[in-house]
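Letter 404 of the sequence shown, counting from 1, is numbered 404 in the UniProt record's numbering, and no numbers are missing.
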Amino acid sequence: MKKPLLYLSFFVSFFLIFVFWWLGSGNVFLNNPSIGIIYVVLGRITGLLAVYFILLQFLFIGRVKWLERVFGFDKLSVAHHWSGIIAFVFIVAHLVFLFLGYGILNELSLWQQFRDFNLNWEGLFPATVSVVLFILVVISSISIAKKKLKYEIWYYVHLMSYLAIILAYGHQLELGHDLRASNLFAFFWVLLYLFVGANFIFYRFVWQLYSFYKFRFYISEIKSETEDTISLYIKGTSIEGFKYMAGQFIMLRFLNKSMAWQAHPFSISSEPNQDYIRITIKNLGDFSSKMKNLVIGTKVLIDGPIGVFTKKEKQSEKILFIAGGVGITPVRPLIGDFLKDDKDVVLLYSAKNREQIIFKEELEGLMNKNAERFKMYYIIRGDNDCKFGEITKESMESLVPDIAQRDVYICGSYKKSVIIKKYLVSLKVNKKRIYYEKFSI
């Protein structure tokens with residue numbers, strides 16, 4: 001499905017909500033309403049829009065394959081984040097408008113109106129719980145709070161959003177004026193929930209259970225790459241049937257006592273069409289540090305493949321890869337893919353020191369085997385054998401004189417990728433030929 005059609009679908013559903021609201025409530029503006037009535041009808045539309053954007057959140061983060069193929073997981077994750085912020089604004093507006101509106105109409109203070117809602121309005125208490133849960137989820141997602149929270153706490157707080165959306169659904173069908181005023185609108189609203197719910201449940205849960213049942217994934221080998229980086233080799237039944245593209249990643253859930261409760265993304269570092277899947281993991285945090293507890297034979301749930309950091313249909317004959325540290329993991333299979341296509345490939349690989357170079361033997365083996373078509377330069381600060389210690393505009397221009405003729409793939413930290421992209425544009429590289437994905441590492 002193409003982007004324009006999807007954008008049109010989002011716009012049409014958004015527009016229909018306004019149409020149904022106008023027919024049910026909004027047309028009171030034609031009759032010179034009191035300020036209390038105005039606040040109430042504005043409270044209704046903001047409530048509807050809050051739920052709409054929450055539903056979009058579920059759709060964007062549900063690993064829905066047909067959406068990911070169009071937009072990519074990284075862009076959908078950003079859309080998930082921003083739709084959450086928009087939903088939060090509408091939730092707050094919904095509360096403020098309704099408290100003000102009914103407070104004015106009933107001649108009550110805000111506190112008195114709050115008590116009236118929860119004591120005298122049947123079915124409103126679940127909505128209050130839903131709002132509180134959504135607010136907790138949003139607060140836990142704010143960058144400052146998220147950094148201070150343990151992942152486990154953040155994860156379980158996020159699970160509350162499932163309960164919150166169910167409570168909101170019941171609240172709107174029971175007390176939602178515009179939904180009760182139009183059977184057609186109620187039907188449309190139920191369809192929205194069913195569409196999002198079906199996609200979310202199928203792709204988030206059913207698909208990976210089916211995949212596990214079909215392939216029976218397990219860890220077959222654990223290999224040390226550097227002192228803080230390991231590669232896991234995953235095999236299974238008829239694993240050649242698990243199709244992926246070089247550059248993609250997968251969500252892994254290791255089925256042991258300490259790690260089964262959470263899934264994490266890892267880039268695939270093996271080339272496609274092998275009898276195994278390889279992922280390469282650097283010890284960067286609490287979860288990755290637990291990898292030492294893994295043993296051969298551990299069963300694995302796999303969700304994926306995911307991502308569009310892949311070979312494009314219309315590709316230049318010359319390719320430049322820029323990788324930093326463990327960012328080499330999705331780049332390694334891409335290099336192999338492009339060399340099979342007889343492309344001219346250059347790799348700039350930045351590392352803290354030579355001991356931190358991942359796949360050193362593999363990469364140098366590829367370079368020796370494809371001497372005419374594959375050049376590789378290490379970028380290591382303080383290393384006398386390296387011409388440059390940092391990836392800068394000057395180092396790229398010096399090492400890759402024909403850089404403007406190349407398609408460029410970047411994989412490193414997000415902040416560094418953005419800086420490098422600016423350097424590339426200043427070196428006359430076409431923006432449309434620069435590829436990077438935030439979750440590729």
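We treat Cβ as the ideally placed atom computed from N, Cα and C, and that holds for glycine.
Keep in mind that this is a model prediction, so the values were computed, not measured.
PRO305 sits in a strand when the DSSP states are folded into three classes.
Listed in chain order, the alpha helix (DSSP H) elements of length 4 or more contained wholly in the region 108-135 are 110-120. Collapsing the DSSP output to three states places MET245 in coil. Contact fails between the region 334-349 and the region 209-219, because fewer than three Cβ pairs, one in each stretch, are under 8 Å apart. When C-alpha distances from LYS431 are compared across LYS282, VAL408, GLN356, MET376, the shortest belongs to VAL408. Within the model, the alpha-carbon separation for VAL96 versus TYR193 is close to 25 Å. Non-local beta-carbon contacts of GLY36 in its own chain, meaning distances under 7 Å to residues more than five positions away in sequence, involve GLY101, ILE104, LEU105 in chain order.
The three-state secondary structure of SER258, taken from DSSP, is coil.
Between VAL326 and THR280 the beta-carbon gap is near 7 Å, inside 8 Å, which marks them as a contact. Judged by their CB atoms, ILE165 and LEU55 are nearer to each other than the 9 Å cut-off.
Around VAL429, the same chain offers ILE403, ALA404, ARG406, VAL408 as residues with beta carbons nearer than 8 Å, after the five sequence neighbours per side are excluded. The residue among VAL400, TYR435, SER426 with its C-alpha nearest the C-alpha of SER417 is TYR435.
For ASP407, the uninterrupted beta strand (DSSP E) run begins and ends at 407-411, by DSSP.
DSSP, reduced to helix, strand and coil, places THR46 within a helical segment of the structure shown.
Secondary structure within the region 306-361: the alpha helix (DSSP H) runs of 4 or more consecutive residues, fully enclosed, are 328-340 (chain order). ARG253 is not a Cβ neighbour of ALA246, given a cutoff of 9 Å. Under the 10 Å beta carbon count, LYS387 is surrounded by fewer than 16 other beta carbons and is classified as exposed. Within the DSSP bridge table, the entry for ARG253 names LEU301 as partners. With a 10 Å radius around the Cβ and a threshold of 16 neighbouring Cβ atoms, GLU225 comes out buried.
The region 304-319 makes contact with the region 344-363; the number of CB pairs closer than 8 Å reaches 3 or more. Setting aside the 5 residues that flank it on each side, ILE357 is surrounded in the same chain by ALA351, each with a C-beta closer than 6 Å to its C-beta; the list follows chain order. Beta-bridge annotation (DSSP): PHE374 is paired with VAL345. Out of ILE201, LYS223, SER34, TYR276, the CA that lies nearest to the CA of LYS282 is found in LYS223.
Rounded to the nearest whole angstrom, the CA to CA distance from SER140 to TRP82 is 14 Å.
Under the Cβ criterion (8 Å, minimum of three pairs), the region 71-86 counts as touching the region 302-309. A Cβ-Cβ separation of about 11 Å leaves ALA87 out of contact with PHE58 under the 8 Å criterion. Non-local C-beta neighbours of ILE230 in its own chain, meaning closer than 8 Å and more than five positions away in sequence, comprise ILE222, LYS223, SER224, THR280, ILE281, MET291, ordered along the chain.
CA-CA distance, GLU390 to ILE380, rounds to 7 Å.
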